[in-house]
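S.K.: Below is one structure. I have some questions about it.
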Amino acid sequence: MSTAHERLACKPADYKSDIKPIWCPGCGDYHVLMSFTRAFAELGLPPEQIVVVSGIGCSSRIPAYTNCYGFHGVHGRSLALAAGLKVTRPDLTVVVASGDGDGYSIGGNHFLHACRRNVDMTYVVMDNRIYGMTKGQPSPTTEPEFDTALSPGGTGLRPFHPLVVALASGANFVARCFSGEPNETAAVLAEAIRHPGFSFVEILSPCVTFRPDERDWKSQVHQAPVGATSDPAKAARRIMTDDGFNIGILYRGDRRPYQPAVVQRHVELSELEKEFEL
Amino acid sequence: MGNSQSISIGFVGSGGAGALTAGNLLLEAASAAGWQGLLTRTVGPQIRGGEAAALLRLASHPVECMPEQFDVLIGIDWLNAHRFGAEIKIGHDSLLIGDPRGGAVPPHIAEAGAREVQIPMKDMAKAIPDGRANMIALGIACRLVRLERETCLALLEKRLSDKGEAAIKASQAGLIAGYDAAQDLDLSLRLAAPKRATRKWLVSGNDATALGAIRGGIRFAAAYPITPATEILEWLAPNLPKVGGVLLQAEDELAAINMIIGASYGGTPSLTATSGPGLSLMIESLGLATAAEIPIVVVDVMRGGPSTGIPTKSEQADLNIAVYGCHGDAPHLVVAPQSIGDCLFTTQWAVYLAEALQTPAIVLSDQFIGQARAAIEKPADVAFIGQRSRATDISAAGAYKRYAIAGSGVSPMVVPGTSGGQYTADGLTHTERGIPTSGASDHQAQLDKRRDKLVRFAYGDHWATLEGSGDLAVVTWGSLTGAVREAIGRAAQDGVEVSLIAPRLLFPAQPERFAAAIAGKSRLLVVEQSHGAQFYRYLRAHYDLPGRVDVLNRPGPMPIGVSEIHRAIMERRA
Ligand SMILES: Cc1ncc(C[n+]2csc(CCOP(=O)(O)OP(=O)(O)O)c2C)c(N)n1
Ligand code: SF4
Ligand SMILES: [Mg+2]
Chain W
1 MSTAHERLAC KPADYKSDIK PIWCPGCGDY HVLMSFTRAF AELGLPPEQI
51 VVVSGIGCSS RIPAYTNCYG FHGVHGRSLA LAAGLKVTRP DLTVVVASGD
101 GDGYSIGGNH FLHACRRNVD MTYVVMDNRI YGMTKGQPSP TTEPEFDTAL
151 SPGGTGLRPF HPLVVALASG ANFVARCFSG EPNETAAVLA EAIRHPGFSF
201 VEILSPCVTF RPDERDWKSQ VHQAPVGATS DPAKAARRIM TDDGFNIGIL
251 YRGDRRPYQP AVVQRHVELS ELEKEFEL
Chain S
279 MGNSQSISIG FVGSGGAGAL TAGNLLLEAA SAAGWQGLLT RTVGPQIRGG
329 EAAALLRLAS HPVECMPEQF DVLIGIDWLN AHRFGAEIKI GHDSLLIGDP
379 RGGAVPPHIA EAGAREVQIP MKDMAKAIPD GRANMIALGI ACRLVRLERE
429 TCLALLEKRL SDKGEAAIKA SQAGLIAGYD AAQDLDLSLR LAAPKRATRK
479 WLVSGNDATA LGAIRGGIRF AAAYPITPAT EILEWLAPNL PKVGGVLLQA
529 EDELAAINMI IGASYGGTPS LTATSGPGLS LMIESLGLAT AAEIPIVVVD
579 VMRGGPSTGI PTKSEQADLN IAVYGCHGDA PHLVVAPQSI GDCLFTTQWA
629 VYLAEALQTP AIVLSDQFIG QARAAIEKPA DVAFIGQRSR ATDISAAGAY
679 KRYAIAGSGV SPMVVPGTSG GQYTADGLTH TERGIPTSGA SDHQAQLDKR
729 RDKLVRFAYG DHWATLEGSG DLAVVTWGSL TGAVREAIGR AAQDGVEVSL
779 IAPRLLFPAQ PERFAAAIAG KSRLLVVEQS HGAQFYRYLR AHYDLPGRVD
829 VLNRPGPMPI GVSEIHRAIM ERRA
């Protein structure tokens, strides 16, 4: 058995499980998995100290593909599950993985409140602007004219702007990455995990099956021209006016993470009953 | 007249009249004197103000249900009392006390033809600096039930200590004035003296539930407010941290249940409390906790349904959703407390069962026992404390099987942080290692495992309350148990022997135990507070019943009373 010391010298491969992903060949999520394992290795975290929590979708299958603890829960509720875990187990590193349908549609309310609550965890949304797992329906980030069986001729609806929503709701760290650049993504993920409070990382991760057009993202993405700001208004303005392909850390806040003190038991149970005694 | 079994008194007043305060103080004074009692409050839909009534029943024995009609009704004023409608009934031998300036007695109360006495409570209060009419009413009530004046005065001093000397004096003066005014009033009823001075508790079902949770080992709660369950969460909020626990307010019930699943996955026994609408939202994730084998406790304090229903009134109509709500075959635990004191035991037991069996437990309490306050004997300290089978020493990496099929069906659970135990908890059908699969054999094996662990467990005698003998058995559950017990007692006085069967464990069903309980009975009378006779249908589905089965069922909010049950028993005797 390996000791903690040996483990600190982990290689990315040590964070991978032996389970073969169900993903389509070429799916962006393979690269996200690679970025996860590289980030964990860079941080030197023992795999048993990390929990990857997810909902439902192709992207949400990621926990079991890591060699960390994982929770593959129900559709849209991963952030709440992770909050309950982290506040009771602040010793663990909690990473939440989601998709644009899981995180912004069915789980939208939890997204707002997780940003506002600012529990120390990292939220990674693999945005492919489509519901991959259910075979190609529009999500809250799908372009208005994108034609699907469920939205013939497109939805006609304006896509939702998750990064700005996160800023407005109080996220403490906001970044955008592209799955096709796993080294950069790994570096941003490591930063996000290190940063105290709720860190939100949106990873553009192509669905090659239902959005073959997203293969072009490789040529569209570019580094953000300026570094992260600590001014949420400035960050929001930049994000609202960029072309959607600015990559990098866009905002770093300094809000104190929410962590109710888990104190050791200091009162006898019989003390609690006193108020009922006559 | 001789000693009475119990005395019931109601205080009625418009918003701000202080009827509820008077009721609470009377209950406390009576229990200080050694009696037991029950207090329910009924208020209008207004958030503040509006009409309010405090309804009490006092006795020298445990009181677990309200009377159908009140012996004494004190109207501090009658302004909006008509809105209570049939909820507050009096008889022609009741005593009605009103204020000449308190408005007209509502017709449904007046028509009983009860003796009516006028006491100018408002004017008497005016004569006292800062005096209040509800203290006059309290004094009247204390005198009528023959409480020692000194006991009552001492209680006021204790209760109002933070309000200052002047407030204490004003209240005491009011109480004395009321006490004196009732000097010549004769109430023919007189309570039997309490048997002996015992240690008494004054507690509501919701508070008892919360304490039971902590006693059982709960150290994390997630909270989304809903009537009539909020008090459980509000009791836990300041108290959990005192024992090293945490409470998190959730954005909704979908979040609340997932928060407790996450915390429990991390090794912390966890609970949330809600009512029907919240339970409806939690159902999908209850299935997740069942499939992923995460112990959690969900308390449902039932109110009138469906939909928003009647938030402030009791009903027993969430049985179906609690037992059958989940999609797929999702065996879990459903238990129901039978009295205010039993809320403590049953919740504690639920924590113990959930932890032992690694599955969700639903505690079906209801508005009646949840929000009523009782003076009861101090509940016994029981030894049920959640003990989860844990995997702590993982010998070889990759060898750990979270969902191993072992003898009992319960497989040791590892907590994150344990080296070599890494696995992914999953709601997808999985193998013993937790790896998703859609294979028939794994599906069958894990369904069998989750069923068998519940079926094989030794639940002990707590599964049901079984009392009495007799060819006829009354079968009931939850908060109706007290009323049924009292009706059976009345039947016994009439020389009719009837037995009581009240399952505390509703799911998984206990066919062998139930069969033993009804062995030799030829008739059953099922009593439940549900329009659709959900409990009756549940019994039909899970148990072999004797030839003749009758049902006394009704939706809320009108409680099923002792005389009604007694009548139903007497109609079925022989
Ligand atoms: C309550 C519920 N509703 C619907 C579904 C079906 N469903 C599974 S995945 C999914 C969408 C996933 O989309 P996204 O989060 O973008 O993930 P992707 O597959 O694109 O990675 C839906 C609607 C479900 N599993 N549960
Ligand atoms: S459907 Fe799309 S998102 Fe899902 S695995 Fe295939 S390529 Fe990836
Ligand atoms: Mg998607």
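For the record, the sequence lines run as chains W and S.
Position one of the first sequence corresponds to residue 1 (the numbering used here), numbered consecutively onward.
Position one of the second sequence corresponds to residue 279 (the numbering used here), numbered consecutively onward.
All C-beta atoms in this analysis are idealised placements derived from N, C-alpha and C, irrespective of residue type, glycine included.
(1) Considering only residues of the same chain and omitting the five flanking positions on each side of Pro21 (chain W), which have a CB-CB separation below 6 Å?
(2) Hey, out of S:Gly587, S:Ala501 and S:Leu316, whose CA is closest to His339 (chain S)'s CA?
(3) Can you grab the Cα-Cα spacing for the pair Gln314 (chain S) / Glu306 (chain S), in whole Å?
(4) Could you confirm whether any beta carbon from chain S is found closer than 8 Å to the beta carbon of Cys68 (chain W)?
(5) Go through its chain and collect everything with a Cβ distance to Leu823 (chain S)'s Cβ below 7 Å, but skip five positions before and after it.
(6) For Ser372 (chain S), which three-state DSSP category applies?
(7) Relative to ligand 2, what is the chain-ordered list of residues with a Cβ closer than 5 Å to any of its non-hydrogen atoms?
(8) What separation, rounded to the nearest whole angstrom, lies between the Cα atoms of Gly70 (chain W) and Asp147 (chain W)?
(9) Please tell me whether His5 (chain W) has its Cβ less than 8 Å away from any Cβ of chain S.
(10) Identify the continuous alpha helix (DSSP H) that holds Leu803 (chain S) and give its terminal residues.
(11) Sorted by chain position, which residues of the same chain lie with C-beta nearer than 7 Å to Trp741 (chain S)'s C-beta, five sequence neighbours on each side aside?
(12) Taking any Cβ of chain W, which residues in the segment 530–561 of chain S have a Cβ under 9 Å from it, in chain order?
(13) Grab me the residues of Tyr338 (chain W)'s own chain with a C-beta within less than 6 Å of its C-beta, minus the 5 sequence neighbours each way, in chain order.
(14) With a cut-off of 8 Å, does the C-beta of Arg256 (chain W) fall near any C-beta of chain S?
(15) For the candidate residues W:Ser205, W:Glu143 and W:Ala171, whose alpha-carbon lies nearest to that of Arg158 (chain W)?
(16) Of the residues S:Ile492, S:Gln616, S:Tyr457 and S:Lys656, which one's Cα is nearest the Cα of Leu744 (chain S)?
(17) Chain S partners of Gln223 (chain W), CB-CB under 9 Å?
(18) Going along the chain, which residues of its own chain have a beta-carbon closer than 7 Å to the beta-carbon of Trp627 (chain S), five neighbours each way excluded?
(19) Closest Cβ-Cβ distance between Gly73 (chain W) and chain S: below 8 Å?
(20) With 16 as the cutoff for other CB atoms within 10 Å, does Ile683 (chain S) come out buried or exposed?
(21) Between the alpha carbons of Arg77 (chain W) and Ser563 (chain S), how many angstroms are there, rounded?
(22) At the level of alpha carbons, what is the spacing between Pro260 (chain W) and Gly523 (chain S)?
(23) Identify which residue in S:Arg851, S:Gly834, S:Ser284 and S:Gln724 has its Cα closest to the Cα of Ala364 (chain S).
(24) From what residue to what residue does the alpha helix (DSSP H) around Gly545 (chain S) run?
(25) By Cβ distance, which residues of its chain are closer than 7 Å to Ala570 (chain S), with the 5 residues on each side in sequence left out?
(26) Along the alpha helix (DSSP H) that carries Asn109 (chain W), what are the first and last residues, could you check?
(27) Below 8 Å, how does it come out for the segment 491–506 of chain S and the segment 43–56 of chain W: are there three or more Cβ pairs, yes or no?
(28) Give me whichever residues DSSP pairs with Glu655 (chain S) in a beta bridge.
(29) Step through the CB atoms of chain S and report whether any lies within less than 8 Å of the CB of Asn246 (chain W).
(30) Confirm, please, whether the CB-CB distance from Ser309 (chain S) to Thr487 (chain S) is below 8 Å.
(31) Out of curiosity, what's the CA-to-CA distance linking Asn831 (chain S) and Gly648 (chain S)?
(32) Quick check: what's the CA-CA separation for Met279 (chain S) versus Glu529 (chain S)?
(33) Does the beta-carbon of Asp100 (chain W), which I'm using as the reference point, lie nearer than 7 Å to any heavy atom of ligand 4?
(34) Given 8 Å as the limit, is there contact between the segment 573–589 of chain S and the segment 625–640 of chain S, that is, 3 or more CB pairs closer than that?
(35) With 8 Å as the threshold, decide whether the Cβ of Val613 (chain S) is near any Cβ in chain W.
M.R.: This is what the structure holds:
(1) Tyr65
(2) S:Leu316
(3) In a straight line, the C-alpha of Gln314 (chain S) is about 9 Å away from that of Glu306 (chain S).
(4) yes
(5) Leu802 and Leu817
(6) DSSP places Ser372 (chain S) in strand when its eight states are reduced to three.
(7) W:Trp23, W:Cys24, W:Cys27, W:Cys58, W:Gly132, W:Cys207, W:Val208 and W:Thr209
(8) The straight-line gap separating the alpha-carbon atoms of Gly70 (chain W) and Asp147 (chain W) is approximately 35 Å.
(9) Residue placement at His5 (chain W) is poorly supported in this model, since its pLDDT is 45, which falls under 50; the coordinates still yield a value, given next. Not an interface residue.
(10) Here Leu803 (chain S) belongs to no alpha helix (DSSP H); instead the beta strand (DSSP E) covers Arg801 to Glu806.
(11) Pro781, Arg782, Leu783, Gln788 and Arg791
(12) Identification of residues in the segment 530–561 of chain S having a C-beta nearer than 9 Å to some C-beta of chain W yields Asp530, Leu532, Ala533, Ala534, Ile535, Asn536, Met537, Ile538, Ile539, Gly540, Ala541, Ser542, Tyr543, Gly544, Gly545, Thr546 and Ser548, given in sequence order.
(13) This structure gives no information on residue 338 (chain W), because the portion of chain W shown stretches from 1 to 278.
(14) It does not: the Cβ of Arg256 (chain W) has no partner Cβ on chain S nearer than 8 Å.
(15) For the options W:Ser205, W:Glu143 and W:Ala171, the alpha carbon positioned closest to that of Arg158 (chain W) is the one of W:Glu143.
(16) S:Gln616
(17) What Gln223 (chain W) touches in chain S: nothing, since even the nearest Cβ is about 34 Å away.
(18) Val613, Phe662 and His740
(19) yes
(20) So Ile683 (chain S) ends up on the exposed side.
(21) Rounded to whole angstroms, Arg77 (chain W) and Ser563 (chain S) show a C-alpha spacing of 9 Å.
(22) Pro260 (chain W) and Gly523 (chain S) have their C-alpha atoms roughly 9 Å apart.
(23) S:Gly834
(24) Gly545 (chain S): not part of any alpha helix (DSSP H); DSSP gives it neither H nor E.
(25) Ala703, Asp704 and Gly705
(26) Gly108 to Arg117
(27) Contact between the segment 491–506 of chain S and the segment 43–56 of chain W is not established, with fewer than three Cβ pairs separated by less than 8 Å.
(28) S:Lys478
(29) no
(30) No.
(31) 21 Å
(32) Below a pLDDT of 50, predicted positions are generally treated as unreliable, and Met279 (chain S), at 35, falls in that range; the measurement from the model is reported next regardless. Distance between the alpha carbons of Met279 (chain S) and Glu529 (chain S) is about 58 Å.
(33) As presented, the structure is devoid of ligand 4, carrying ligand 1, ligand 2 and ligand 3 as its sole ligands.
(34) yes
(35) no
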